[in-house]
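Novice: What follows is a single structure, and I will ask about it in a moment.
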């Protein structure tokens with residue numbers, strides 16, 4: 001017999017709140033994690049993207065929140081603004097549709113800090129934020145770290161990178177020693193595990209294995225090209241395929257900006273988003289992409305964390321991820337809800353090994369194609 005949210009002994013009104021979102025059956029990570037969090041254990045969770053990690057920590061967190069107390073009781077740390085806002089939206093939905101009227105606010109960088117301080121004066125129960133801004137607000141005594149009972153690290157693999165690790169450590173050490181610490185990530189490295197053991201109290205490590213599944217409606221193709229010709233091949237492929245709404249995945253800030261400039265020069269309606277863009281830039285790009293004002297969004301993997309966009313028709317891999325799960329995370333943004341989608345990769349001879357690995361591990365066929373007279377054709381045709 002399958003487990004239900006009622007079987008997990010969560011507050012009945014939270015079950016109703018989930019049902020109103022169309023969520024009636026817990027995922028495996030929720031089944032594994034919710035009892036541990038309710039039991040006040042420190043937990044390190046490894047589970048693939050899209051398996052329901054956010055609700056796995058928010059549902060039991062809500063059980064612990066006392067809305068009658070006007071104090072900060074929980075802190076959720078995320079690596080990007082978009083993921084923070086996505087978590088905040090889910091908190092608001094649970095609060096709106098359940099009897100637990102938890103209050104919340106965001107504390108993210110590159111946004112007017114004075115406005116955030118004004119909202120923090122209301123002493124929200126849950127603060128969701130990026131590490132640098134949260135630490136700044138703690139140092140300015142605007143976030144009351146001593147009242148926080150639960151800290152969540154969402155996308156902990158990114159949060160524990162060399163750039164963030166010391167900031168995270170400072171945030172955690174500003175809170176009381178009896179607080180509960182929860183780490184969630186698609187990948188938990190040995191370094192992250194050691195870090196967790198250092199800061200946590202005998203942490204329970206939960207690994208949820210879900211078979212990788214690529215939506216059946218996605219067509220996978222690739223173009224063999226020289227490294228120096230990748231952007232030009234991308235431009236020609238966009239012209240030939242005429243995507244309604246496409247995401248181009250690329251490496252870092254400089255590559256994102258250079259690729260965007262090239263596409264815009266050739267008249268393609270495109271915007272870019274990387275991890276260092278300020279909040280206003282990112283919001284403008286996302287609003288334009290969602291509304292259809294632009295055709296193409298150029299993003300890095302980090303900037304794309306937490307993005308949830310409907311009706312993406314094409315995914316273009318300008319740089320090739322080296323792991324099958326990373327390919328899956330990217331291309332899974334198209335072909336949703338039974339709709340057709342296309343994943344297009346631009347590979348060098350050296351990168352062909354990754355295409356072969358994706359085919360083997362994900363049990364898919366990635367078909368070689370070429371461009372001829374403005375059309376995408378099978379290799380060997382249209383010469």
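Numbering (the numbering used here), first residue to last: 1 to 383.
No residue lacks a Cβ here, since even glycine has one placed at the ideal position from N, Cα and C.
These numbers come from a predicted model, not from an experiment.
From this set, 330, 281, 14, which residue's C-alpha is nearest residue 96's C-alpha?
Specialist: The residue given as residue 96 occupies position 96 in the chain shown. Nearest C-alpha to residue 96: 14.
Novice: Shortest alpha-carbon distance to residue 81 belongs to which of 67, 170, 177, 106?
Specialist: Looking up residue 81 in the chain shown gives position 81. Nearest option by C-alpha distance: 106.
Novice: What are the boundary residues of the alpha helix (DSSP H) that residue 13 is part of?
Specialist: Locating residue 13 in the chain shown gives position 13, where the first residue counts as 1. First-last of the alpha helix (DSSP H) with residue 13: 12–19.
Novice: For the 8 Å Cβ check, are there 3 or more pairs between the stretch 83–97 and the stretch 258–271?
Specialist: no
Novice: By DSSP's criteria, residue 368 is part of a beta bridge. Which residues make up the other side?
Specialist: The sequence position of residue 368 within the chain shown is 368, counting from 1. Answer is 222, bridged to residue 368.
Novice: Going by Cα to Cα distance, which pick from 257, 203, 317 is closest to residue 225?
Specialist: For the purposes of this step, residue 225 is identified with residue 225 of the chain shown, where counting begins at 1. Sorting 257, 203, 317 by C-alpha distance to the C-alpha of residue 225 places 317 at the top.
Novice: At 4 residues or longer, what runs of the alpha helix (DSSP H) sit wholly inside the stretch 49–97?
Specialist: 53–64, 81–97
Novice: How many angstroms separate the CA atom of residue 288 from the CA atom of residue 33?
Specialist: In the chain shown, counting from the first residue as 1, residue 288 sits at position 288. In the chain shown, counting from the first residue as 1, residue 33 sits at position 33. Cα to Cα, residue 288 sits roughly 37 Å from residue 33.
Novice: With a threshold of 8 Å, are at least 3 pairs of Cβ atoms found where one atom belongs to the stretch 283–297 and the other to the stretch 322–330?
Specialist: no
Novice: Starting from the C-beta of residue 382, find all residues in its chain whose C-beta is less than 6 Å away, skip the five residues before and the five after it, and write them out in chain order.
Specialist: In the chain shown, counting from the first residue as 1, residue 382 sits at position 382. The pLDDT assigned to residue 382 is 44, lower than 50, so where the model puts this residue is not dependable, and the model offers no usable value.
Novice: Output the boundary residues of the alpha helix (DSSP H) element that contains residue 132.
Specialist: In the chain shown, counting from the first residue as 1, residue 132 sits at position 132. Membership of residue 132 in the alpha helix (DSSP H) is indicated by the continuous run 131–139.
Novice: Could you name each continuous alpha helix (DSSP H) segment of 4 residues or more that falls completely within the stretch 234–294, going from the start of the chain to the end?
Specialist: 253–265, 279–291
Novice: DSSP on residue 353, reduced to helix/strand/coil?
Specialist: Here residue 353 corresponds to residue number 353 of the chain shown, with the count starting at 1. DSSP, reduced to helix, strand and coil, places residue 353 within a helical segment of the structure shown.
Novice: Taking a contact to mean a Cβ-Cβ separation below 9 Å, would you say residue 342 touches residue 243 in this structure?
Specialist: The count along the chain shown starts at 1 and reaches residue 342 at position 342. The count along the chain shown starts at 1 and reaches residue 243 at position 243. In this structure, residue 243 lies closer than 9 Å to residue 342 by Cβ.
Novice: Please state whether the Cβ-Cβ distance between residue 35 and residue 159 is less than 9 Å.
Specialist: Indexing the chain shown from 1 puts residue 35 at position 35. Indexing the chain shown from 1 puts residue 159 at position 159. No, Cβ-Cβ distance for residue 35 and residue 159 is not below 9 Å.
Novice: Between the Cα of residue 24 and the Cα atoms of 38, 39, 37, 8, which residue gives the shortest distance?
Specialist: Along the chain shown, one-based indexing puts residue 24 at 24. Scanning 38, 39, 37, 8 for the CA closest to the CA of residue 24 turns up 8.
Novice: Are the Cβ atoms of residue 90 and residue 125 separated by less than 9 Å?
Specialist: Residue numbering aside, residue 90 sits at position 90 when the chain shown is read from its first letter. Residue numbering aside, residue 125 sits at position 125 when the chain shown is read from its first letter. Taking 9 Å as the Cβ cut-off, residue 90 and residue 125 do not qualify as a contacting pair.
Novice: For residue 138, collect the residues of the same chain with a Cβ closer than 7 Å to its Cβ; drop the 5 residues on either side in sequence, then sort them by chain order.
Specialist: Working through the chain shown from its first residue, we reach residue 138 at position 138. The answer, listed in chain order, is 145, 171, 174.
Novice: Enumerated in chain order, which unbroken segments of the beta strand (DSSP E) with a length of 3 residues or greater are wholly contained in the stretch 138–199?
Specialist: 150–154, 180–185
Novice: Figure out for me which residue from 195, 261, 157 has the closest Cα to the Cα of residue 48.
Specialist: Within the chain shown, residue 48 is the residue found at index 48, counting from 1. Comparing Cα positions, the closest option is 157.
Novice: Considering only residues of the same chain and omitting the five flanking positions on each side of residue 88, which have a CB-CB separation below 7 Å?
Specialist: Start at 1 with the first residue of the chain shown, and residue 88 comes out as number 88. Here the set comprises 104, 106, 128.
Novice: Give me, in chain order, the residues of the same chain whose beta-carbon lies closer than 6 Å to that of residue 152; leave out the 5 immediate sequence neighbours on both sides.
Specialist: Counted from its first residue, the chain shown places residue 152 at position 152. So the list reads 57, 76, 182, once near-sequence residues are dropped.
Novice: In its own chain, which residues sit with a C-beta less than 7 Å from the C-beta of residue 40, not counting the 5 before and 5 after it?
Specialist: Along the chain shown, one-based indexing puts residue 40 at 40. Counting only Cβ-Cβ distances below 7 Å, and skipping sequence neighbours, we find 180.
Novice: Output the distance between the C-alpha atoms of residue 10 and residue 178, rounded to the nearest integer angstrom.
Specialist: Residue numbering aside, residue 10 sits at position 10 when the chain shown is read from its first letter. Residue numbering aside, residue 178 sits at position 178 when the chain shown is read from its first letter. Roughly 23 Å separates the two Cα atoms.
Novice: Closest by CA to residue 46, which one among 68, 64, 206, 134?
Specialist: As a working mapping, residue 46 is identified with position 46 in the chain shown. Checked all of 68, 64, 206, 134; the closest Cα to residue 46 is 206.
Novice: Opposite residue 341 in the DSSP bridges: which residues?
Specialist: Locating residue 341 in the chain shown gives position 341, where the first residue counts as 1. Paired residues: 218.
Novice: Could you please give the first and the last residue of the uninterrupted alpha helix (DSSP H) stretch that includes residue 330?
Specialist: The count along the chain shown starts at 1 and reaches residue 330 at position 330. Per DSSP, residue 330 belongs to the alpha helix (DSSP H) from 324–331.
Novice: Check whether the Cβ atoms of residue 101 and residue 60 sit closer than 9 Å, and answer yes or no.
Specialist: Locating residue 101 in the chain shown gives position 101, where the first residue counts as 1. Locating residue 60 in the chain shown gives position 60, where the first residue counts as 1. It is not a contact, given that the beta carbons lie outside the stated cut-off.
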